[in-house]
Amino acid sequence: MTQEQRAAADPLASVWVTASAGTGKTKVLTDRVLRLLLSGTEPGHILCLTFTRAAAAEMAIRITGTLGDWTTASDFILDDALRALLARQPEGAEFRRARSLFAEVLDTPGGMKILTIHAFCQSLLRRFPLEAGIAPHFAVADERTQRELLHEAQSRLFRHARLDQDETLAAALAAITAQLGEDRFADLMGEWTGARGRLQDRLAGRDDGAHLAATAARLLGVKKGENAEAAVRDACVEAAFARDELLRAAEALDGGSKTDIARAGLIA
Numbered sequence: 001m002t003q004e005q006r007a008a009a010d011p012l013a014s015v016w017v018t019a020s021a022g023t024g025k026t027k028v029l030t031d032r033v034l035r036l037l038l039s040g041t042e043p044g045h046i047l048c049l050t051f052t053r054a055a056a057a058e059m060a061i062r063i064t065g066t067l068g069d070w071t072t073a074s075d076f077i078l079d080d081a082l083r084a085l086l087a088r089q090p091e092g093a094e095f096r097r098a099r100s101l102f103a104e105v106l107d108t109p110g111g112m113k114i115l116t117i118h119a120f121c122q123s124l125l126r127r128f129p130l131e132a133g134i135a136p137h138f139a140v141a142d143e144r145t146q147r148e149l150l151h152e153a154q155s156r157l158f159r160h161a162r163l164d165q166d167e168t169l170a171a172a173l174a175a176i177t178a179q180l181g182e183d184r185f186a187d188l189m190g191e192w193t194g195a196r197g198r199l200q201d202r203l204a205g206r207d208d209g210a211h212l213a214a215t216a217a218r219l220l221g222v223k224k225g226e227n228a229e230a231a232v233r234d235a236c237v238e239a240a241f242a243r244d245e246l247l248r249a250a251e252a253l254d255g256g257s258k259t260d261i262a263r264a265g266l267i268a
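Residues in the sequence shown are numbered consecutively from 1, following my numbering.
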């Protein structure tokens, strides 16, 4: 290991490690966990989070494999392994603990917590479903089920607008689908579903979308109730442009490449 890797594996230091693939990040993280275990930390008190299941499995295999090797290794080989890990001569207590760690990890209820971020969040929700406001025996929908549920929700929405003669909803759907098309509308439904918590918070206690419309108009820099033609017309008047700043930008572009010079001409 390099000096930097050894420093990053020190559990007493709070570190941020960034490196490209194949440079030893997993080795550093594994050594960090091993040193935590050697220092006396209980296996059940260590939490490792990864982005992918493959990374979680790789870490678990490396850690348990190393601990298994320590259990059966000769004193000479174990001493070499611990000196390489700790960058010093291991103490007697560390030597004895290394021999027993494999069994201790196996005896830990649920094993060591080496999980993906999603799996960790699911475990929290399963432990505290009522506090999270969900059903105790919930199931996580896979991608296929999600698509099917979204398609059903979309069908219900259009059916409600048509059969219940909801003119406001029908007008809103007509405006959106005219701009997006059927495929993009399905994507938008998925985005809305993912952001439903934020949407509910924004609309809490409001009977209509007037406040939301006013907020959208403010963010877009248009007047409330202004149609598209009027918005474009207002945006094209001379006073709508930061003329001095644009001229300075054109002057800077004029000293650049051929493409920049062409852009400067368009601005000027």
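Just so you know, even glycine gets a beta-carbon here, dropped at the ideal spot from N, CA and C.
Using a Cβ distance threshold of 8 Å, K223 and A214 do not count as a contacting pair.
By the Cβ rule, the region 8 to 20 does not count as touching the region 64 to 83, because fewer than three pairs are nearer than 8 Å.
Within a 10 Å sphere around the beta-carbon of P136 sit fewer than 16 other beta-carbons, which makes this residue exposed. The region 47 to 54 makes no contact with the region 69 to 76, as fewer than three CB pairs between them are under 8 Å. Collapsing the DSSP output to three states places T108 in coil.
Runs of the alpha helix (DSSP H) lying entirely within the region 78 to 155 and spanning at least 4 residues, in chain order: 92 to 106, 117 to 127, 129 to 132. For T50, no alpha helix (DSSP H) segment is defined; the enclosing uninterrupted segment is the beta strand (DSSP E) at 47 to 50. Apart from sequence neighbours up to five positions away, the residues of its chain that approach L38 with a beta-carbon distance below 7 Å are E94, R97, A98, ordered along the chain. D164 carries a coil assignment under DSSP once its states are collapsed to helix, strand and coil. The beta carbons of G44 and P109 sit closer together than 8 Å.
Between I176 and R202, the alpha-carbon positions lie close to 20 Å from each other.
Beyond the five residues adjoining it in sequence on each side, R35 comes within less than 8 Å, by CB distance, of A9, D10, P11, L85, L86 in the same chain, given in chain order.
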